[in-house]
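Numbering (our numbering), first residue to last: 2 to 68.
The structure is reproduced here in structure tokens:
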């Protein structure tokens, strides 16, 4: 299964990754501190076009938590 993932650091930096293998998630977690991980199972690389409401909801939640 392919999923979209993003990491966001405490300063608001957000990095997007697409993984077919979830072991990469654990590897990146060791290197990116103070991050938030969100997965959208089944979403393709163009997730913002496929599931715009879900992406907007996650982004709004992130902005509220960073305020």
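Cβ coordinates follow ideal geometry from the N, Cα and C atoms, glycine included.
Just so it is clear, the structure is predicted and the values come from calculations on it, not from any experiment.
Item, Value
"Taking the beta strand (DSSP E) that residue 40 falls in, what are its first and last residues?", "37-42"
"Identify whether residue 49 lies in helix, strand or coil by the three-state DSSP scheme.", "helix"
"Of the residues 35, 55, 50, 30, which one's Cα is nearest the Cα of residue 67?", "35"
"Is residue 31 helix, strand or coil when you go by DSSP?", "helix"
"If you reduce the DSSP assignment to three classes, tell me which class residue 57 lands in.", "helix"
"So what's residue 68 in DSSP terms, helix, strand or just coil?", "coil"
"Would residue 25 and residue 39 qualify as a contact pair, given that the criterion is a beta-carbon distance under 9 Å?", "no"
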